[in-house]
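For the sequence shown, our numbering gives the first residue as 1308, with consecutive numbering after it.
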Amino acid sequence: MSDTGFVSHCLELLAPLGHASSRRMFGGHGLYVDGLCMAMIIQDALYLKVDDDSRPLFERSGCKPFTYQTRTGERHALGYFTAPEEAMESPAEMLPWGRRALAAAVAARAKAPAKKKAGVPAKAPARKAAAPAAAGNKPKPAAAKRPAAKAPAAK
């Protein structure tokens, strides 16, 4: 099956979950359902997102984790496992596995810190108002700024 044919097949399998789409990423494809990344295709293998609750089910079904090797030779695993072979046959067989992957993606998004909106400058932290000087206490003068050091002249 061609690369685009396999991506199309996987999107058909995930379609009962919602609007399924794909984007190229990491030398493969990220698969999204209703805008939420819940699977990926790397080297003609479909990997579904897992969490602590669903991981044992994937392991018992003989699914393999997605791992990669770093430049230092270490192996790292991400939270994705291959889909069971029988689930690759029809959308009905994929549905329970896809639901687990989607639930894992929703849970991961809930745990992730909120992203800043693009194009909106970050708010500067509010400054505390200066407390009124108590009787007999003078406020400290602000520290004088030092001029920036000059770079040595080029020869």
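For glycine and all other residues, C-beta sits at the position ideal for the given N, C-alpha and C. In this text the structure is predicted, and so the values were computed from the model without any measurement.
Ranked by Cα distance from S1368, the options F1388, D1351, E1319 and K1356 are led by F1388. When C-alpha distances from F1333 are compared across V1340, E1381, I1349 and L1385, the shortest belongs to I1349.
Annotation for E1393: E1400 place their beta carbon closer than 6 angstroms to its own, counting only its chain and skipping 5 residues before and after. Residue range R1362 to R1367 is occupied by the alpha helix (DSSP H) that includes R1367. Between the region 1360-1375 and the region 1315-1327 there are fewer than three inter-stretch CB-CB distances shorter than 8 angstroms, so the stretches are not counted as touching. As summarised for the region 1343-1397, the continuous alpha helix (DSSP H) elements at least 4 residues long and confined to that stretch are 1362-1367, given in chain order. In the three-state DSSP reduction, G1312 falls in the helix class (H, G or I). For L1324, there is no enclosing beta strand (DSSP E), as DSSP marks it with neither H nor E.
Apart from sequence neighbours up to five positions away, the residues of its chain that approach H1336 with a beta-carbon distance below 7 angstroms are V1314, S1329, R1330, M1347 and I1348, ordered along the chain. In this structure, DSSP gives G1334 a state outside helix and strand, which the three-state scheme calls coil. In summary, S1397 is exposed, with fewer than 16 beta-carbon neighbours lying within 10 Å of its beta-carbon over all protein chains present. For L1402, the CB contacts under 7 angstroms within the same chain, skipping 5 residues up- and downstream, are P1323 in chain order. Taking C-beta atoms as the reference points, G1386 and D1360 fail to come closer than 8 angstroms.
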